[in-house]
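For reference, the structure is listed below as structure tokens.
There are 2 protein chains.
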Amino acid sequence: MSDTNQVHGNRLDPWLDSYAARAHGLRASETRSLFAVASRPEVVSLAGGMPNLKDLPLDRLAEATAAMIRADGGRALQYGNGQGLPVLREQITEVMALEGIDADPEDVVITTGSQQAVDIITELFIDAGDVILAEAPTYVGSLSIFSTYQADVQQVPIDADGVIPEALEETIEKLERAGRHIKFYYCLPNFHNPAGVTISEARRPQIVEICRRHHILIVEDNPYGLLGFEGQTYTALKTLAPEDVVYLGSFSKIFAPGYRVGWAVAPPAVREKMKLASEAAILCPSSVGQYSISMYLEQFDWKTQIEDFRTMYKGRRDAMIAALEEYLPNCRWNVPAGGFYVWLNLPDGVDAKEMLPRAVTNLVAYVSGTAFYAGGRAGRDHLRLSFCYPEPADIHEGVRRLSEVVSRDLEILELFGPIPDRPSAGISAPAPDQI
Amino acid sequence: MSDTNQVHGNRLDPWLDSYAARAHGLRASETRSLFAVASRPEVVSLAGGMPNLKDLPLDRLAEATAAMIRADGGRALQYGNGQGLPVLREQITEVMALEGIDADPEDVVITTGSQQAVDIITELFIDAGDVILAEAPTYVGSLSIFSTYQADVQQVPIDADGVIPEALEETIEKLERAGRHIKFYYCLPNFHNPAGVTISEARRPQIVEICRRHHILIVEDNPYGLLGFEGQTYTALKTLAPEDVVYLGSFSKIFAPGYRVGWAVAPPAVREKMKLASEAAILCPSSVGQYSISMYLEQFDWKTQIEDFRTMYKGRRDAMIAALEEYLPNCRWNVPAGGFYVWLNLPDGVDAKEMLPRAVTNLVAYVSGTAFYAGGRAGRDHLRLSFCYPEPADIHEGVRRLSEVVSRDLEILELFGPIPDRPSAGISAPAPDQI
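Residue numbers (the numbering used here), protein chains in the order written: chain G, 13 to 447; chain E, 13 to 447.
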């Protein structure tokens, strides 16, 4: 380090005085180091949102990918269109049709996972201090993006039927009275991450109507919509109000996340800006990834594969609920009708965030509820359990280990009383294993 | 559209009043529609920066990719590490070693092309109005990112030996006297896009010294460094000042862009923030892309492939220079020692931007010099010709067609005199064919 540098920044970071304001909000999750430990094979991780890919036909995929590279390699290895491969945009409308969504391929923008779509939408709409509405709790990965753009995230209560319309409107009116600019409502309608709930059919038109009345754009993030355990689907908000909704979809949970291919469907003017913003950020999404997924949708029985995924995940959900009934009768939880997650309400006084190091020591990992609240301002009484990845026997063992930790924490509570409140640590980037 | 919406925005875009300030700077290039025409097969495009992949061994790549999916598919199709695949980060240090760069794999962050690395660096360092130094001209794709973050891009003159150190320091001092915050110097040291020049060895330590003295971070963007036509390489600025440089590399030009895999090497504190910002934006780079490139580096003779690329591009450079000497003796140009581009200086009064529609009508495309200046404030007297993609015979024919258009414009100029100055149209997103 030069002498000159020492008058700037500090010894650890000579560029400390150069960062943009938004970069100061960027912090590693406090639990990141724990997750390095939690990825060791002896730990049962109920933390990650990784899909289980063990049933994908790798041999056939290998053959078909080789044939694709032989036939289309010249294009698949080249730069592509910033909006995404036209044939894949057509195929994506067929995927959406399974949920009753009627979209024009021209309105589809393919992104580097739907995560990049959330990033672009936030970049396009959020000036520092603008309000984003979200559910309480909401997806940690989106909170991380919202924090980067210095949004003020206001979270609206949910119940077993999803977001509560009256609470949504009350929040909006309070913010409007305070003169705040609400830019969009970020909504996870189906098999919510982390809460597991789904917005009821009755509430969907109400929610759309409230947002229209207050001229609030809806960002409908739907990675799990096709993973209803009975094959059930729900009316997309996009279908109820095509001009008022940016819809986000993903292949990560219905095929494989390693290609990093998701998409957005937006009203034409917004779609046009999303396309430009995505081109500016990455030039184009991966051509190899897009050609591979297009090949998969054309040559494989992907609808049956989704049914197989559903059956597998339902079995794991059942294993988790059975284990919770057996080992944690003093907790409360929802029984999700699809998706990956159970949202566990701990006994009074047990603190999910404080307990996590003890859980990892006892060889089980989860995500503290605080990860799903802006600024970590709430959620200590909840934790998220994922049943997607581990085998049913491991889920059973993981919940058993968790119950031991909860019991010990309860004993300590009885002896010493509750731990005093600690100051919040602010929002931070999610650990890779929290997605 | 609802009645409510009509009081907001306009009929074309009901969300017009909701965008962030940064989104208003986002415009489609005026030449975008032209490029749709220019991509027709009868047009010779000297516009695009697409690498020529025709010599890649697609059959062997297909086989090796299939074997990789069979062996590693469970991981290659899954989410990965936000910083990138550890084995690929090791291999990337071997690629950099060819240019004499000694890097620690721990300091490498793998990104969705090096374009995403520019995006993240800009996100981390630029508040609206902060200054970025760049060469005049500079890469259009980075200008597009800088505009998104509302940076004030100040461009420093170059000559045949690259950026002029005295001009760099003068610009810095003028900005410092004006109390401006200069956040970084975005530098394209080798086979510059679009100017084709390379910073001389004598100037490199001077440039580093000037930036250190003024505590300005250097962002060294080096996609073409291994494509010197005589196999020559240059001392990386990163090597001269590891703590003061963020180095960007890419597989797009030395292997294939379709995987969208690039990388950054940054001082530890900056690298840590880049990792978090990248995770927030996309969770992780494509695992399939990373496993594919890792397989390629392990199993293929990639160094010989780079030599073959050099030989091919050198032949195309020679074809272009010969055609320019034959058809455009009234223009001036550099003879690039590597890379993809010739920067052509038009005869007095001929306007590259005004001439483009006539060129496309005459079945040849190029990029107007204005694309490479912030706000399109200069560059009408230059255009960029790419020799990377077309066959030598097509390069010859393209330059011949261009000479017809230049001749006609010169005749009109003689008859009617120069066109009066038009107001600048502001910076805009690059057309996909301008990269």
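Each residue gets a CB set at the ideal place from its N, CA and C atoms; glycine is no exception. Nothing here was measured: the structure is a model prediction, and the numbers come from that model.
field: Strand pairing of G/PHE196, partner residues [DSSP]
entry: G/ILE144, G/LEU229
- request: Step through the CB atoms of chain E and report whether any lies within less than 7 Å of the CB of G/ARG23.
  value: no
message: Quick check on the DSSP output: what are the complete alpha helix (DSSP H) runs of length 4 or more inside the stretch 329–415 of chain G, in order along the chain?
response: 364–373
message: Using C-beta distances below 7 Å, list every residue in its chain close to E/LYS265, excluding the 5 sequence neighbours before and after it, in chain order.
response: PRO63, PRO235, TYR236, LEU239
- request: Measure from the C-beta of G/ASP131 to each C-beta in chain E and report whether the shortest distance is under 7 Å.
  value: yes
message: Do G/GLY274 and G/THR77 have their beta-carbon atoms positioned less than 7 Å apart in this structure?
response: no
message: On the CB-based measure, 16 or more other CB atoms within 10 Å of its CB, does E/THR323 come out buried or exposed?
response: exposed
field: Proximity test, Cβ basis, 7 Å: E/GLN166 and chain G
entry: no
query: Grouping DSSP H, G and I as helix and E and B as strand, with all else coil, what is E/ALA437?
result: Model confidence at E/ALA437 stands at a pLDDT of 44, short of 50, so the residue's coordinates are unreliable and nothing is read from them.
- request: Please list the segments of the alpha helix (DSSP H) lying wholly inside the stretch 68–105 of chain E, counting only runs of 4 or more residues, in order along the chain.
  value: 70–88
task: Can you give me, in chain order, the residues of the stretch 216–243 of chain E that have a beta carbon less than 8 Å from any beta carbon in chain G?
output: ARG224, ARG225, HIS227, LEU229
- prompt: Cβ of G/GLU411 less than 7 Å from any chain E Cβ?
  reply: Position check: residue 411 of chain G holds Val in this sequence, whereas Glu was assumed. No, G/VAL411 lies away from the interface with chain E (no Cβ there is under 7 Å from its Cβ).
query: Do you know whose CA, among G/ALA214, G/PHE241, G/GLU255, G/GLU213, lies nearest G/VAL231's CA?
result: G/GLU255
query: Taking the C-alpha atoms as reference points, what is the distance between G/PRO348 and G/GLY60?
result: 17 Å
field: Beta carbon proximity, E/VAL55 to chain G, threshold 7 Å
entry: no
- request: Could you pull out every residue in the same chain whose Cβ sits closer than 6 Å to the Cβ of E/TRP27, ignoring the five residues on either side in sequence?
  value: GLY21
field: Nearest neighbour of E/ALA32, chosen from G/ALA364, G/ARG23, G/ILE138 [CA to CA]
entry: G/ILE138
message: Using only the alpha-carbon positions, how far apart do E/TYR303 and E/PHE263 sit?
response: 13 Å
message: Just checking: is the beta-carbon of G/MET307 within a distance shorter than 7 Å of some beta-carbon in chain E?
response: no
message: Going by the DSSP bridge assignment, what does E/THR123 pair with across the sheet?
response: E/GLY274
- prompt: Can the beta-carbon of G/VAL258 be found less than 7 Å from the beta-carbon of G/ASP119?
  reply: no
- request: Mind checking who G/GLY240 pairs with in its DSSP beta bridge?
  value: G/GLY350
message: So, under 8 Å CB-CB, G/ILE157 and G/THR183 are touching, yes? Tell me the CB distance rounded to an integer number of Å.
response: Wrong, their Cβ atoms sit about 21 Å apart, outside the cutoff.
- request: Following the continuous beta strand (DSSP E) through E/SER448, name the residue where it begins and the one where it ends.
  value: Outside the shown range of chain E, which is 13 to 447, sits residue 448 of chain E, and nothing can be said about it.
- prompt: Any contact of the stretch 107–116 of chain E with the stretch 289–302 of chain G, i.e. 3+ C-beta pairs under 8 Å?
  reply: no
field: Sheet register partners of E/ASP164 (DSSP bridge)
entry: E/VAL143
- prompt: Buried or exposed: where does G/ASP320 fall if 16 or more other Cβ atoms within 10 Å of its Cβ makes it buried?
  reply: exposed
message: Does G/ALA301 come out as helix, strand or coil in the three-state DSSP assignment?
response: Ala is not the amino acid found at residue 301 of chain G; the sequence shown has Gly there. G/GLY301 falls in the helix class under three-state DSSP.
7 Å Cβ cutoff, G/TRP27 in contact with chain E: yes
Of the listed residues E/PHE203, E/LYS285, E/SER298, E/ALA163, nearest to E/ASP173 (C-alpha basis): E/PHE203
message: On the DSSP letters alone, give me the boundaries of the alpha helix (DSSP H) that E/PRO149 sits inside.
response: From DSSP, E/PRO149 is part of no alpha helix (DSSP H); its letter is neither H nor E.
message: Can you tell me whether G/VAL209 is helix, strand or coil according to DSSP?
response: coil
query: Do three or more CB pairs link the stretch 210–229 of chain E to the stretch 365–378 of chain E at distances below 8 Å?
result: no
- request: Please report the residue range of the alpha helix (DSSP H) in which E/ARG189 lies.
  value: 177–189
Residues of the stretch 285–300 of chain G with Cβ closer than 8 Å to any Cβ of chain E, in chain order: LYS285, LEU288, ALA289, GLU291, ALA292, ALA293, ILE294, LEU295, CYS296, PRO297, SER298, SER299, VAL300
task: Taking only the alpha-carbon atoms, compute the straight-line gap between G/LYS326 and G/CYS400 and give it to the nearest angstrom.
output: 9 Å
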